[in-house]
Each structure stands twice: as structure tokens, then as C-alpha cells.
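Q:
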Ligand SMILES: [Fe+2]
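In our numbering, the protein residues as written are 75 to 286.
#1: Taking DSSP as the reference, what is the three-state secondary structure of residue 105?
#2: Expressed to the nearest angstrom, what Euclidean distance is found between the alpha-carbon atoms of residue 159 and residue 144?
#3: May I have the straight-line CA-CA distance separating residue 258 from residue 226, to the nearest angstrom?
#4: Do you know how far the Cα of residue 238 is from the Cα of residue 216?
#5: Counting Cβ pairs, one atom from each stretch, are 3 or more of them under 8 Å apart for the segment 278 to 285 and the segment 122 to 142?
#6: Based on the DSSP secondary-structure assignment, which residues constitute the bridge partners of residue 260?
#7: If you draw a straight line from the C-alpha of residue 209 to the C-alpha of residue 241, how long is it?
#8: Spatial neighbours of residue 243 within its chain, please: C-beta separation below 7 Å, excluding the five flanking residues on both sides.
#9: Where residue 222 and residue 141 are concerned, what is the direct C-alpha to C-alpha distance, given to the nearest angstrom?
#10: Sorry if obvious, but does the Cβ on residue 258 come closer than 7 Å to a heavy atom of ligand 1?
#11: On the three-state DSSP scale, how would you describe residue 243?
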């Protein structure tokens, strides 16, 4: 089981990283505005009470795949965030909620996300989500979209990230903004991907696949 203290430390590490990036003033205006929104909404969350139902470990196989692939810190920029999550990977509340698909029958065993703030998370919010996404090695997370605005912070692994048809390799330390309903996908190489994410806006509507 994830301790509330560990969950809070991980949340705080992301929050501090976002605050530092915002304060540095080097992000594009849209990214800076979204960081400010995430920080404002996180400040409204009641962190004095944790829902223990969502602190129970799920034991997802993606954690085993991460360990066998050798997940590594992305460097100084994200070191504190990475280290706040790493000892607790087994204890995070991993889930995967997409419908099964014939072209990727084992995808639910190879990737998952663990939410610490959100509608279904230890710390409840209907306005903001914060969590960790893990994608095992050599996997395509197929094109998908969701109405929530999404900010990713890459912690480990350089995957090929596609948004609105444009693909870029995004190394650790990169902040990636997905506007509402933009079609996006990720493809990992031999290195798995670990990334922290935040959602704002319509956070209660799940992501759905967009078939090409
Ligand atoms: Fe997304």
C-alpha cells in the first residue's frame, strides 16, 4: 500500500518542478499558462485526507517490465521528481481503462497510469488530475484523445511523441502540452517511458482511441 506521505511527496515533487519551470519563464506562453492553471487547481485540493481505497497497490506488470528494462533517471532537471516516484512504483494505484483491441491484445499488460490526484485517486479533485504514466519498451500507445488539457513531464525514456500528425523524439525533462481533444500517440523504443502528467478541464471524461 502506498503511504499518504509518499503520495504527497511525489505530488509535491511534481508541483515544485512545475512551479520552478513556470518561475524560470522559459516555457512557451501556452505551456506557462497551463502550468499556472495546474498549480492553482492543485492549491485547491484537500490534501489533509487520503482515500485509502486508492492507495492500495495494484501490482501492474508494467512495473516488472520497467525494472527489467532498466528505467533510469533523465538527469538533473527531473531527478527530484523521478526519485520521489521510483521507490514506490510497486505501490502505485496502476490502472488501464481502454477497451481491448485486436491489434494490441497485451497493451493493458504493458502500459498503465497511476493517478494520485483526480476523480478516482487518493486525493480527490474534479478539476485537476496528477499522476504517472508508464509505457513499457517497444510499444505503441495508439492514437487517442480526451477533452482534458494534458501536460506531460518526461522523467525517463525518449519516446517518439506524435500530436496532430507531427512526431518528435521527446527526451527527459521535456514538457509536452496536449490541447483539448488533440489526437496524440507515443511509441517507445527499448527504453520504457515514465512521465508525470496533469489534466485540467473536463477531467472526468476518459481518453478514447482514435482509429486511423
Ligand atoms: Fe493524453
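Glycine is no exception: its CB is placed at the ideal position from the N, C-alpha and C atoms.
A: Once the coordinates are examined:
#1: Reduced to three states, the DSSP call for residue 105 is helix.
#2: Cα to Cα, residue 159 sits roughly 15 Å from residue 144.
#3: In a straight line, the C-alpha of residue 258 is about 12 Å away from that of residue 226.
#4: Near 13 Å, if we compare the C-alpha coordinates of residue 238 and residue 216.
#5: No, the segment 278 to 285 is not in contact with the segment 122 to 142.
#6: BP columns for residue 260 point to 215, 235.
#7: Answer to the nearest angstrom: the Cα atoms are 17 Å apart.
#8: Result list for residue 243: 232, 234, in chain order.
#9: The alpha-carbon atoms of residue 222 and residue 141 are separated by roughly 30 Å.
#10: Yes, the Cβ of residue 258 comes within 7 Å of a heavy atom of ligand 1.
#11: Strand.
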